[in-house]
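Terminal number for the sequence shown in the numbering used here: 254, no gaps in between. The structure appears below as structure tokens.
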Amino acid sequence: MQRFRTEPAFWGLMTVDDRPSEAPLLADLARDLDGAFEGLVLAHQDRLYSIALRMLGDPRDAEEATQDAFVRAYRALADYDESRIHALRLRGWLATIVLNLCRTRTTKRAARGRGPLSLDAAAQAGAPDPVAPAGRGPLAVAERHDARSRWALRLAELPVGYRAAVVLRHVDGLTYPEVATALGRPEGTVKAQVHRGIAMLRTMLEAERRLEREEMTA
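And the structure:
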């Protein structure tokens, strides 16, 4: 399996209509799992790595979690009949697998006394800025890069439940029903966690910017 990009591309919220249809890939997987599985990996490895990196904050841990997710996905698909494979919603199903692996790794890391996240790695991963305008030109690009780094650093400080909901909704672009399924939570709870998570991020950023202004005028 090829290595994943150390700095996965940032993408904004994707609508369901923007996504390629999963039906052809599911049909291929149902017909010839071994022959089609590489296509599944190529289609989803970057997004799963992106989720794992934002949840774990460590590139090596994220890569291992992503690889383990595909191993688990293959084993599960090998046990599914064709009708069950055709009925899968791949994006949410794969997100559930990688999130469960991230939770396990986070628990083990906490038991070993390791810190929850590497903020440097989180900053490299980028994070969504729900309010940043998409301007043009070098200055606008630099400002957006700085904004994403700031959001990523603060995202790493969110409680894991809020972080997972925000990542799946605003980074991976899952719908609220898909996020609810992936996290095993009621849709209303997921919406509240996403909104609360974004509010917490904004509060942290506003406090950071206020401190910067005070330091500049001191």
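Backbone N, C-alpha and C fix where the C-beta goes; we use that ideal spot for every residue, glycine too. In this text, all values refer to a predicted model and were calculated from it rather than measured experimentally.
### Task
Please say whether V203 and T142 have beta carbons closer to each other than 8 angstroms?
With respect to V203, T142 sits apart: the two C-beta atoms are not nearer than 8 angstroms.
### alpha helix (DSSP H) runs contained entirely in the segment 180 to 240, provided each spans 4 or more residues
The qualifying runs are 196 to 202, 212 to 219.
### Message
Excluding the 5 residues flanking E58 on each side, which residues of the same chain have their C-beta closer than 6 angstroms to its C-beta?
### Response
Cβ neighbours of E58 beyond the five flanking positions: L126.
### Query
the ligand ADP heavy atoms versus the CB of T132: any closer than 7 angstroms?
Because no ligand of any kind appears in the structure shown, any question about the ligand ADP cannot be addressed here.
### Message
Helix, strand or coil for S57? Go by DSSP, reduced to three states.
### Response
S57 falls in the coil class under three-state DSSP.
### Task
Would you decide whether G75 is buried or exposed? Buried here means 16 or more other CB atoms lie within 10 Å of its CB.
Residue burial annotation: G75 is exposed, with fewer than 16 other C-beta atoms found within 10 angstroms of its C-beta.
### Task
Measure the alpha-carbon distance for Y110 versus G128 and round it to whole angstroms.
Going by the C-alpha atoms only, they are around 15 angstroms apart.
### Task
With DSSP as the reference, label L78 as helix, strand or coil.
Here L78 carries a helix assignment [DSSP, helix/strand/coil].
### Message
Measuring straight from C-alpha to C-alpha, what distance separates D68 and L113?
### Response
Taking the straight line from one Cα to the other gives about 11 angstroms.
### Task
Would you kindly check if the distance between the Cβ of A192 and the Cβ of L219 is under 8 angstroms?
For L219 and A192, no; Cβs fall outside 8 angstroms.
### Message
Using the Cβ count rule (16 or more neighbours within 10 Å means buried), how would you classify L130?
### Response
L130 comes out buried.
#### Entry: CB-CB length for Y198 against M236, believed under 8 angstroms
Rounded, the Cβ-Cβ distance is 7 angstroms, consistent with contact.
### Message
So for G71, helix, strand or coil by DSSP?
### Response
Three-state DSSP puts G71 in a helix.
### Exposed unless 16 or more other CB atoms sit within 10 angstroms - verdict on S119
Exposed, by the Cβ-count rule.
### Task
Quick one: grab the DSSP three-state call for G93.
Three-state DSSP puts G93 in coil, outside helix and strand.
### Task
Starting from L126, follow the alpha helix (DSSP H) in both directions and report where the run begins and ends.
L126: member of the alpha helix (DSSP H) spanning 126 to 147, first to last residue.
#### Entry: Distance between F106 and E223 (C-alpha atoms, nearest Å)
Their Cα atoms are separated by approximately 26 angstroms.
### Beta-carbon proximity of C138 to A101, cut-off 8 angstroms
Taking 8 angstroms as the cut-off, the beta carbon of C138 is found closer than this to the beta carbon of A101.
### Y116, DSSP secondary structure in three states
In the structure shown, Y116 sits in coil (DSSP, three-state: anything other than H, G, I, E or B).
### Query
Between the C-alpha atoms of V230 and D208, what's the straight-line distance to the nearest angstrom?
Rounded to the nearest whole angstrom, the C-alpha separation of V230 and D208 is 13 angstroms.
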